[in-house]
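Structure first, then comments.
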Amino acid sequence: MVNSVSTSDIEAIISRNELIALLDKKELDPSNLVLISISEPVYENYADEALTSSYYSQFKDALLVKFWDITEDILPYTIIPNNVAKQIQDFIIKYKDERFLVHCRAGQSRSAAVGKAIECIKYFGIGEEAVYNYSTSFSSKIDSHSRYFPNLTVFNRITKKELL
6 MVNSVSTSDI EAIISRNELI ALLDKKELDP SNLVLISISE PVYENYADEA LTSSYYSQFK
66 DALLVKFWDI TEDILPYTII PNNVAKQIQD FIIKYKDERF LVHCRAGQSR SAAVGKAIEC
126 IKYFGIGEEA VYNYSTSFSS KIDSHSRYFP NLTVFNRITK KELL
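Position in the sequence shown (from 1) plus 5 gives the number in this note's numbering.
Here is the structure:
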């Protein structure tokens, strides 16, 4: 396996290339995992490669979302939209009893923030009180792992109580 957090809730938080390599080499059995796949929105002169169906269809279920890894709007780039955060939140709630694999391009910031949101929602729920309890009483391996730099704007948006 690659250099990643692995817990009872999260199989891995990795890059897209690491995920593809693991699946191609058959070093990962995705059939009992749910996937959150993050890529960038497609704009003129910029086309990120989203994970293809030949990969994500191997998982128990998959959510494919697109948003930028930024902490404030820098037009034309915008932070994670409420509707995308709500999709992620709903997916986590739907599969709260399953193990997740999360990936983005680098597997360090957006995916780490989603990993933290998985932990928070699974153990504490959503909203300010849940985030406070998670932050003060849960020892996340994501925070202590040298690979990760969670985008806290993404984390806070996903764990927000009233998104829409």
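Even glycine gets a Cβ: it sits at the ideal position worked out from N, Cα and C.
What you are looking at is a predicted structure, and each value in this text was computed from that prediction instead of being measured.
Asked, Found
"Separation of residue 70 from residue 109, as counted between CA atoms", "10 Å"
"Closest by C-alpha distance to residue 89, when choosing among 45, 32, 139 and 19", "45"
"Coarse secondary structure for residue 9, derived from DSSP in three states", "coil"
"Whole-angstrom distance between residue 61 and residue 55, CA atom to CA atom", "10 Å"
"Terminal residues of the beta strand (DSSP E) in which residue 67 lies", "66-71"
"Euclidean distance between Cα positions of residue 118 and residue 154", "8 Å"
"Straight-line Cα distance separating residue 164 from residue 132", "6 Å"
"The segment 27-41 touching the segment 136-147, judged by at least three CB pairs closer than 8 Å", "no"
"Best match in 114, 82 and 128 for proximity to residue 47 [C-alpha to C-alpha]", "82"
"Bridge partners - residue 150, DSSP secondary structure assignment", "Paired residue(s): none; residue 150 is not in a bridge."
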